[in-house]
Amino acid sequence: MTDAQQPPAAEDRRDFLKLAGAGAVAVAFLGAGAASAFARPAFPRMAVSTGVIMPDPSLCIGCLTCEVACSQVHLEAGMSGVPRIRIFDAKDVRLNPEIEKHYPGRGTFRQLDCLMCPDAPCLPVCPTGAVQVDPKTGARIIAESACIACGKCEAACPFPVMSESVATNQKPNGQRKRIIYDPAKNVYTKCDLCFWRAEGPACVERCPVNIRIRQGVVQSSVLCLDVKPADQAGFEKVRAIEA
Numbered sequence: 123m124t125d126a127q128q129p130p131a132a133e134d135r136r137d138f139l140k141l142a143g144a145g146a147v148a149v150a151f152l153g154a155g156a157a158s159a160f161a162r163p164a165f166p167r168m169a170v171s172t173g174v175i176m177p178d179p180s181l182c183i184g185c186l187t188c189e190v191a192c193s194q195v196h197l198e199a200g201m202s203g204v205p206r207i208r209i210f211d212a213k214d215v216r217l218n219p220e221i222e223k224h225y226p227g228r229g230t231f232r233q234l235d236c237l238m239c240p241d242a243p244c245l246p247v248c249p250t251g252a253v254q255v256d257p258k259t260g261a262r263i264i265a266e267s268a269c270i271a272c273g274k275c276e277a278a279c280p281f282p283v284m285s286e287s288v289a290t291n292q293k294p295n296g297q298r299k300r301i302i303y304d305p306a307k308n309v310y311t312k313c314d315l316c317f318w319r320a321e322g323p324a325c326v327e328r329c330p331v332n333i334r335i336r337q338g339v340v341q342s343s344v345l346c347l348d349v350k351p352a353d354q355a356g357f358e359k360v361r362a363i364e365a
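Per this note's numbering, residue 123 is the first one in the sequence shown, and the count goes up by one each step.
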């Protein structure tokens, strides 16, 4: 067990309880609604993430390459293998004609992962400091060695996912929010933009539709999955895509 995973010493107990109390207040605040949370910042300002995964559901073919790539690179890095991005069947999506042309009959889907919130409500509620801002990318990450699986970060996340009954991979894992519990490692995890990879997020790099777009086979001015600025405008754009 690492130092970050040890329970608080007696002299630190008071500070620990203060942090836990702050977490409860933060969760109660978010219960008033995500919109009000962003209209009136609840927490101190922090560095904005340099990027957020920007999906285009109209280009998704539901192949699950992004989920597999995400799991693979994190396992190789010694982290939880739970995919940080998840694909869901979505009948309300209207396909791009290029996808209908090159991948007929595949169905329609939505790609959901962390929105890299500008104020990161998951961060201040963590009692151990496991939820952090990566100094290089600004990505909101979870340091698994410090995670005690208390679930406060997941409770504070204001963005749910779709019902697991429509998860394309048909493998229930109890996911409710953009932060996911991994029972195998007893930690919570989330999209971290593959912050240690020079190539950037594996889902963006390995998406087969992205590859075909770059090759000029599929004609599109945007990618199926891309990394875009995570400022307030970018954040609101992702929310609009998911609406």
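A virtual CB, placed ideally from N, CA and C, is assigned to each residue, including glycine.
Proximal residues to residue i (C-beta, below 7 Å), its chain only, five neighbours per side dropped
{"i": "residue 211", "result": "229, 231, 288, 290"}
{"i": "residue 216", "result": "180"}
{"i": "residue 360", "result": "174, 176, 237"}
{"i": "residue 299", "result": "276, 279, 281, 282, 283"}
{"i": "residue 319", "result": "195"}
{"i": "residue 348", "result": "176, 326"}
{"i": "residue 350", "result": "173, 174, 176, 356"}
{"i": "residue 203", "result": "193, 196, 197"}
Contacting residues, own chain, Cβ-Cβ under 6 Å from residue i (five flanking each side not counted)
{"i": "residue 303", "result": "310"}
{"i": "residue 205", "result": "189, 192, 193"}
{"i": "residue 154", "result": "Confidence is the limiting factor: at residue 154 the pLDDT is only 35, short of 50, which leaves the residue's position unreliable and the question unanswerable from this model."}
{"i": "residue 225", "result": "183"}
{"i": "residue 328", "result": "187, 191"}
{"i": "residue 297", "result": "283"}
{"i": "residue 256", "result": "263, 317"}
{"i": "residue 321", "result": "327"}
Exposed unless 16 or more other CB atoms sit within 10 angstroms - verdict on residue i
{"i": "residue 258", "result": "exposed"}
{"i": "residue 339", "result": "exposed"}
{"i": "residue 214", "result": "exposed"}
{"i": "residue 98", "result": "With the chain running from 123 to 365 in the structure shown, residue 98 is simply not present."}
{"i": "residue 218", "result": "buried"}
{"i": "residue 343", "result": "exposed"}
{"i": "residue 227", "result": "exposed"}
{"i": "residue 336", "result": "exposed"}
{"i": "residue 356", "result": "buried"}
{"i": "residue 365", "result": "exposed"}
{"i": "residue 346", "result": "buried"}
{"i": "residue 240", "result": "buried"}
{"i": "residue 354", "result": "exposed"}
Residue j beta carbon less than 8 Å from that of residue i
{"i": "residue 220", "j": "residue 341", "result": "yes"}
{"i": "residue 235", "j": "residue 207", "result": "yes"}
{"i": "residue 195", "j": "residue 306", "result": "no"}
{"i": "residue 301", "j": "residue 244", "result": "yes"}
{"i": "residue 362", "j": "residue 170", "result": "no"}
Sequence-distant residues of the same chain with beta carbon closer than 8 Å to residue i, five excluded per side
{"i": "residue 186", "result": "209, 290, 291"}
{"i": "residue 120", "result": "Since the first residue of the chain shown is 123 and the last is 365, residue 120 is not available in this structure."}
{"i": "residue 294", "result": "286"}
* Using 8 Å as the Cβ pair cut-off and three pairs as the minimum, do the region 262–280 and the region 299–317 touch? -> yes
* In chain order, which continuous runs of the alpha helix (DSSP H) of length 4 or greater are located wholly inside the region 289–339? -> 324–328, 330–337
* Asked: Can you find at least 3 beta carbon pairs, one from the region 198–206 and one from the region 277–287, that sit closer than 8 Å?
  -> Too few Cβ pairs lie closer than 8 Å, so no.
* **Continuous alpha helix (DSSP H) assignments of at least 4 residues falling wholly in the region 205–273** => 219–224
* Only counting runs of 4 or more residues, tell me where the alpha helix (DSSP H) segments fall wholly within the region 169–208, in order along the chain. => 187–198
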